[in-house]
Amino acid sequence: AEGAVDAGNLLKPSLARGELRCIGATTIDEYRKYMEKDAALERRFQPILIDPPSVEETIAILRGLKDRYDTHHGVRITDSALVAAATLSNRYISDRWLPDKAIDLVDESASKLRIENDSLPAELDTIRRKIIQLQIERQALKKETDKASKERLKNTEKQLAELEQRDKELTAQWESARGDIDQIKQLKEKIEEAQNQFENAQRKGELETAARLKYGTIADLKKELKEKETQLSKSDKAIIQNEVTEEHIAEVVSKWTGIPVARLLSGERERLMKMAEAVAERVVGQDEAVTALCNAVRRSRSGLGDPNRPIGTFLFLGPTGVGKTELSKALADFLFNDPAAMIRVDMSEFMEQHSVARLIGSPPGYVGYEEGGRLTEAVRRKPYSVILLDEIEKAHPDVFNV
386 AEGAVDAGNL LKPSLARGEL RCIGATTIDE YRKYMEKDAA LERRFQPILI DPPSVEETIA
446 ILRGLKDRYD THHGVRITDS ALVAAATLSN RYISDRWLPD KAIDLVDESA SKLRIENDSL
506 PAELDTIRRK IIQLQIERQA LKKETDKASK ERLKNTEKQL AELEQRDKEL TAQWESARGD
566 IDQIKQLKEK IEEAQNQFEN AQRKGELETA ARLKYGTIAD LKKELKEKET QLSKSDKAII
626 QNEVTEEHIA EVVSKWTGIP VARLLSGERE RLMKMAEAVA ERVVGQDEAV TALCNAVRRS
686 RSGLGDPNRP IGTFLFLGPT GVGKTELSKA LADFLFNDPA AMIRVDMSEF MEQHSVARLI
746 GSPPGYVGYE EGGRLTEAVR RKPYSVILLD EIEKAHPDVF NV
């Protein structure tokens, strides 16, 4: 409202007198919008541009946060999971920044594993369903008097006894493992609390207390924790899993992006070496086109191409039915493990000059600006895909300029 005192005017006197020390965080756009307009307020601050960390720096950040997430979720996060979180998020999640997206990956993977551990294991659930099924069958067979039914009843009771015994064993294992996991979580919480007490004692100069905590309490708790973790990994690995691995990270990335887990974890080098054979199985008789396609993909994947540009751009020429669209589908299947990972745009719909706006979106102030373009919106939602511009010769020349 007119004459109202905003936060900037409240801060300026204290900042000018040196009574207040302030650190703020904002985006470049918001800084330009709110701070640069007020020259007096802007003068009181020193702008420092913070770039997103690299993959290596993100891994170091994750290693620093690891213990906190271990304690919070009650699971153990492996170092390979941290490396996978940084590398996979950097490669496949394009609409967010490091380290935020990598931290979220680790957090979600750890919480997912914790929920799975608190739920009934799949093997135990299957056995209990089978027991209920056999109990119903036994009740039905008891009413029958013929010889075949009596024989089946005997087999059913035998199966039921075996499954009930297995159910008892697995339940005991599962409850024991859950008890161990809870104890491990409690030990980690005690270690974290003792670590905080140690740091406080150091700050206050209480060296005797600090030494007792470091070489007595913390050392004993860490020793006990290591014994419990070793015991759990040896005894109940089959029934319950307490470690977040790169497979768990890949599952979450797959859920976020739609890229299959197998594609995320498979060896890139081996797949690229056999790319020509894999594509040629689907597209027969187009060896020259397949070779050119594979060479371009290998160049991009080997790091020789610009990472901010498409993997490759191709113009397929030929009459109807020679395999132009099929080659695009084969490429999508190889690169993204999904032949449907392809954005097909029929360019015969863009014969008029004004139809370019439908492809990339209307300019600001025009009708349809908020809706976005047909191509740009499809790529934004699914960035990892093959774009097929079908019948491109029918499009208006202005479309080629785009």
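Residues in the sequence shown are numbered consecutively from 386, following my numbering. In this text, a Cβ means the ideal position worked out from N, Cα and C, and glycines have one as well. The model shown is predicted, which means the values in this text are computed figures rather than measured ones.
For residue i, three-class secondary structure by DSSP
| i | result |
| --- | --- |
| I478 | coil |
| R694 | coil |
| I408 | coil |
| D510 | helix |
| D775 | strand |
| V629 | strand |
| A392 | helix |
| I644 | coil |
| R429 | coil |
| I413 | helix |
| I576 | helix |
| I462 | strand |
| S685 | helix |
| Y769 | coil |
| Y600 | helix |
| Y419 | helix |
| I634 | helix |
| V789 | No answer is possible for residue 789: the residues shown for the chain start at 386 and end at 787. |
| E387 | For E387, the pLDDT reaches just 49, beneath the cut-off of 50, and the residue's location in the model is therefore unreliable, although a value from the coordinates is still provided. Three-state result, E387: coil. |
| K659 | coil |
| V707 | coil |
| P484 | coil |
| L473 | helix |
| G564 | helix |
| D436 | coil |
| P749 | coil |
Buried versus exposed, by CB contacts within 10 Å (16 or more), residue i
| i | result |
| --- | --- |
| F785 | exposed |
| D414 | exposed |
| Q671 | buried |
| K714 | buried |
| Y751 | exposed |
| T530 | exposed |
| G459 | buried |
| L473 | buried |
| Q626 | buried |
| L572 | buried |
| L447 | buried |
| E542 | exposed |
| H633 | buried |
| N540 | exposed |
| A469 | buried |
| A726 | buried |
| T642 | buried |
| P484 | buried |
| A392 | exposed |
| D565 | buried |
| S439 | exposed |
| I644 | buried |
| L490 | buried |
| N581 | exposed |
| A546 | exposed |
| L678 | buried |
| P506 | buried |
Rounded Cβ spacing between residue i and residue j (contact assumed at less than 8 Å)
| i | j | result |
| --- | --- | --- |
| D455 | I462 | 6 Å |
| T761 | I745 | 5 Å |
| R429 | A401 | 7 Å |
| M736 | K779 | 6 Å |
Boundaries of the beta strand (DSSP E) in which residue i is found, first to last residue
| i | result |
| --- | --- |
| V730 | 727-731 |
| V668 | Where V668 is concerned, there is no enclosing beta strand (DSSP E), given that its DSSP letter is neither H nor E. |
Endpoints, the alpha helix (DSSP H) within which residue i is located
| i | result |
| --- | --- |
| N722 | Taken as a continuous stretch (DSSP letters only), N722 belongs to no alpha helix (DSSP H), as it is neither H nor E. |
| V741 | 741-745 |
| E443 | A quick correction: the sequence has Thr, not Glu, at residue 443. Note, T443: alpha helix (DSSP H), 440-458. |
| T761 | 759-766 |
| F699 | It is not in any alpha helix (DSSP H) - F699 carries neither H nor E in the DSSP assignment. |
| D783 | 782-786 |
| E734 | Here E734 belongs to no alpha helix (DSSP H), and DSSP marks it neither H nor E. |
| L592 | 592-597 |
Proximity test, residue i beta-carbon vs the ligand GDP heavy atom, cut-off 7 Å
| i | result |
| --- | --- |
| E577 | The ligand GDP is not part of the structure shown, which contains no ligands of any sort. |
Every unbroken alpha helix (DSSP H) within the segment 496-547, with a cutoff of 4 residues, ordered by chain
507-527
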